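Below is one structure, written out as structure tokens; the observations come after it.
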Ligand SMILES: [Zn+2]
């Protein structure tokens, strides 16, 4: 009588054959999930400003927000609406067009962040 094979022993990993639709790496090598949940800032929130170029186009910068990039994007949208202006995110820093330090500090504090004005 041949040895009986227990059910399930022939299952081999399908994980190896699967790739991430975003980065095309195998799921074992993919870091997309990690990136999406990675907190960008250190929680030391500072609201500063910077003028760009000789024209002196001013942007308000928000650094140190302890958020993931997705949450950072959502907050940037809130701040843009609040200030009625445009903006962007660069390397974990929210840039809002124009000088809005006071409004943004007030908004962040209302949202529960210990934000401080810098510069
Ligand atoms: Zn990926």
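Numbering (our numbering), first residue to last: 70 to 188.
For every residue, glycine included, the Cβ atom is placed at its ideal position computed from N, Cα and C.
All values derive from a computational prediction rather than experimental measurement.
- CA-CA distance, residue 166 to residue 181, rounds to 23 Å.
- One thing to note: residue 115 has its Cβ within 8 Å of the Cβ of residue 132.
- Checking the 7 Å criterion, the Cβ of residue 87 is out of range of every heavy atom belonging to ligand 1.
- Measuring C-alpha to C-alpha distances from residue 142 to each of 172, 157 and 174 identifies 157 as the nearest.
- Pairing residue 113 with residue 179, the inter-Cα distance amounts to about 16 Å.
- For residue 120, the enclosing beta strand (DSSP E) starts and ends at 115 to 121.
- Annotation for residue 151: 172 and 176 place their beta carbon closer than 7 Å to its own, counting only its chain and skipping 5 residues before and after.
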